[in-house]
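J.: Below you'll find the structure I mean.
Protein chains: 2
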Amino acid sequence: MGATKTEIYKDKENELASFLKVLGHPARIAILQYIIDQETCICNDLVEELGLAQATISQHLKELKSIGIIQGSIDGKSVGYCIEEKVWKQFQEEFNTFFDQDIKVKQCC
Amino acid sequence: MGATKTEIYKDKENELASFLKVLGHPARIAILQYIIDQETCICNDLVEELGLAQATISQHLKELKSIGIIQGSIDGKSVGYCIEEKVWKQFQEEFNTFFDQDIKVKQCC
DNA sequence: ACTTAATATCGTAATATTACGATGTGAATA
DNA sequence: TATTCACATCGTAATATTACGATATTAAGT
Numbered sequence: 001m002g003a004t005k006t007e008i009y010k011d012k013e014n015e016l017a018s019f020l021k022v023l024g025h026p027a028r029i030a031i032l033q034y035i036i037d038q039e040t041c042i043c044n045d046l047v048e049e050l051g052l053a054q055a056t057i058s059q060h061l062k063e064l065k066s067i068g069i070i071q072g073s074i075d076g077k078s079v080g081y082c083i084e085e086k087v088w089k090q091f092q093e094e095f096n097t098f099f100d101q102d103i104k105v106k107q108c109c
Numbered sequence: 001m002g003a004t005k006t007e008i009y010k011d012k013e014n015e016l017a018s019f020l021k022v023l024g025h026p027a028r029i030a031i032l033q034y035i036i037d038q039e040t041c042i043c044n045d046l047v048e049e050l051g052l053a054q055a056t057i058s059q060h061l062k063e064l065k066s067i068g069i070i071q072g073s074i075d076g077k078s079v080g081y082c083i084e085e086k087v088w089k090q091f092q093e094e095f096n097t098f099f100d101q102d103i104k105v106k107q108c109c
């Protein structure tokens, strides 16, 4: 008990849900927004900007990396994070494929 | 420790994240898909369709109702759930406002 | 080689989520 | 009014997430 029963859902449902789950945290939205605004950023920038502990920011960055929406490239002793545009657009498309469905509402509603 | 520090983020960030969080579970995606396909449904249909306990389905429906994306109307001894089209479109728009931002990628990336 | 700087990872406490059985509630029906 | 049906809510166990301090790790600068 307690764990999500992923085996009972369709692959597409699990896929969409897990990407939305990663985006479903304000720190991760704020991180993405900061990267967009600055075009790139390093972990320490986010620690200062958001006021969360360095370990916490690093953990959130790891989750964002796990779905491929950001990418980090080593630059000396720091790591520059950027949006992975291809994945960004894929996710937007996937979301809109779901949300563009024609909604028909029964009389009763 | 352990709880999300919502007070440090912007309202829009919290709002977007909390709506994405609700959608970030495969059961809730599957429920929405089922309602779209059938145009309406009752809790028991979902229990049969998804194979989760009635209490679990009821809990997921409650979360979907909490963000207003579905609406339930009493019909005798059952409750008919439908998509709330206005909210559905609002969320899609809010998501796309975020995702339509112009992504500029630094050379380093 | 030593120090500093930036980040990742580990361990862990606090909290939240997921799932389910049991029980309560309200409407239709016998 | 007793029963049944559909659903919500309560209580709770299992698990996951969030956050942080402490401790690696790795690259630069001294």
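These protein sequence lines are chains A and B, in that order. For the first sequence, position 47 (counting from the first letter as 1) is numbered 47 according to full-length UniProt numbering, and the numbering increases by one without interruption. For the second sequence, position 13 (counting from the first letter as 1) is numbered 13 according to full-length UniProt numbering, and the numbering increases by one without interruption. Ideal Cβ placement from N, Cα and C applies to all residues, glycine included.
According to DSSP, is Tyr81 of chain B helix, strand or coil?
T.: If DSSP states are grouped into helix, strand and coil, Tyr81 of chain B belongs with the strands.
J.: Excluding sequence positions up to five away, which residues of its chain have a Cβ less than 8 angstroms from the Cβ of Ser58 of chain A?
T.: Same-chain partners within the cutoff: Cys43.
J.: Check whether the Cβ atoms of Phe19 of chain A and Gln92 of chain B sit closer than 8 angstroms, and answer yes or no.
T.: Going by C-beta atoms, Phe19 of chain A is not nearer than 8 angstroms to Gln92 of chain B.
J.: Hey, quick one: how far does the alpha helix (DSSP H) through Gln107 of chain A stretch, first residue to last?
T.: Note, Gln107 of chain A: premise wrong, no alpha helix (DSSP H); not H, not E.
J.: Tell me the rounded alpha-carbon separation between Lys96 of chain B and Ile35 of chain B.
T.: Checking the sequence shown, residue 96 of chain B turns out to be Asn, not Lys. Approximately 23 angstroms between the Cα atoms of the pair.
J.: Candidates B:Leu64, B:Lys86, B:Glu7 and B:Val105: which alpha carbon is nearest Leu23 of chain B's?
T.: Among B:Leu64, B:Lys86, B:Glu7 and B:Val105, the Cα nearest to that of Leu23 of chain B is on B:Leu64.
J.: How would you call Thr6 of chain A, buried or exposed, if buried means at least 16 neighbouring beta carbons within 10 angstroms?
T.: Per the 10 Å Cβ criterion, exposed.
J.: Which residues of the region 97–108 of chain B have a Cβ closer than 7 angstroms to any Cβ of chain A? Give them in chain order.
T.: Answer in chain order: Phe99, Gln101, Ile103, Lys104, Val105, Lys106 and Cys108.
J.: Scan the UniProt domain "HTH arsR-type" (8–102) of chain B and note each continuous alpha helix (DSSP H) run of 4 residues or more that stays entirely inside, going in chain order.
T.: Counting whole runs of 4 or more residues, the UniProt domain "HTH arsR-type" (8–102) of chain B contains the alpha helix (DSSP H) stretches 11–23, 26–38, 43–50, 54–66 and 85–99.
J.: Confirm, please, whether the CB-CB distance from Ile74 of chain A to residue 115 of chain B is below 8 angstroms.
T.: Residue 115 of chain B cannot be examined here, being either before or after the span of chain B that is shown, 1 to 109.
J.: Using CA coordinates, which residue listed in B:Cys82, B:Lys62, B:Val87 and B:Ile70 is at the minimum distance from Lys106 of chain A?
T.: The shortest C-alpha separation from Lys106 of chain A is found at B:Cys82.
J.: List the residues of chain B whose Cβ lies closer than 8 angstroms to the Cβ of Cys43 of chain A, in chain order.
T.: Here the premise fails: no neighbours, minimum Cβ distance about 15 angstroms.
J.: Is the separation between the beta-carbon of Thr4 of chain B and that of His25 of chain A shorter than 8 angstroms?
T.: Yes, they are a contact pair.
J.: Taking CB distances under 8 angstroms as the criterion, tell me whether His25 of chain A reaches chain B.
T.: So yes, His25 of chain A belongs to the interface.
J.: Could you tell me whether any Cβ in chain A is nearer than 8 angstroms to the Cβ of Leu20 of chain B?
T.: At least one chain A Cβ lies under 8 angstroms of Leu20 of chain B.
J.: Check whether chain A comes within 8 angstroms of Leu50 of chain B, counting only Cβ atoms and requiring the distance to be less than that.
T.: For Leu50 of chain B, the answer is yes, since a Cβ of chain A falls inside 8 angstroms of its Cβ.
J.: So with CB distances below 8 angstroms, who are the chain B contacts of Gly2 of chain A?
T.: Those within 8 angstroms of Gly2 of chain A in chain B number zero; the least Cβ separation is about 11 angstroms.
J.: Pop quiz: Ile31 of chain B and His60 of chain B are said to be a contact at Cβ under 8 angstroms. What is the actual Cβ separation, rounded to whole angstroms?
T.: Yes, they are in contact, since the Cβ atoms of Ile31 of chain B and His60 of chain B sit about 6 angstroms apart, within 8 angstroms.
J.: Can you tell me which of A:Glu94, A:Gln71, A:Asp37 and A:Asp11 puts its alpha carbon nearest to the alpha carbon of Glu84 of chain A?
T.: Per the Cα distances, A:Gln71.
J.: Look at the alpha carbon of Glu48 of chain A and the alpha carbon of Gln38 of chain A, and state the distance between them as a whole number of angstroms.
T.: Their backbone Cα atoms lie some 14 angstroms apart in a straight line.
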